[in-house]
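Numbering (my numbering), first residue to last: 16 to 66.
This report refers to the structure that appears directly beneath it.
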């Protein structure tokens with residue numbers, strides 16, 4: 016049973032590293048110019064919709 020407790024810690028470590036890598040990827044994509052203009056366009060369209 017002691018080995019299984021260590022596996023839980025290892026799984027958390029792998030999950031944390033994967034989450035950090037995914038966050039870094041999203042940050043790199045978000046900082047590119049194309050995404051910024053796309054988000055701006057979507058927000059402008061959303062704000063211009065009349066209910």
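In this text, a Cβ means the ideal position worked out from N, Cα and C, and glycines have one as well.
Model, not experiment: these values are computed from the prediction.
How many whole angstroms separate the CB atoms of residue i and residue j, which I take to be in contact at a CB cut-off of 8 Å?
i	j	result
residue 50	residue 44	6 Å
Compare the C-beta of residue i against all C-beta atoms of chain C and say whether one is closer than 8 Å.
i	result
residue 63	The question asks about chain C, but that chain is absent: this structure has only one protein chain.
Helix or strand or just coil, what does DSSP make of residue i?
i	result
residue 64	coil
residue 47	coil
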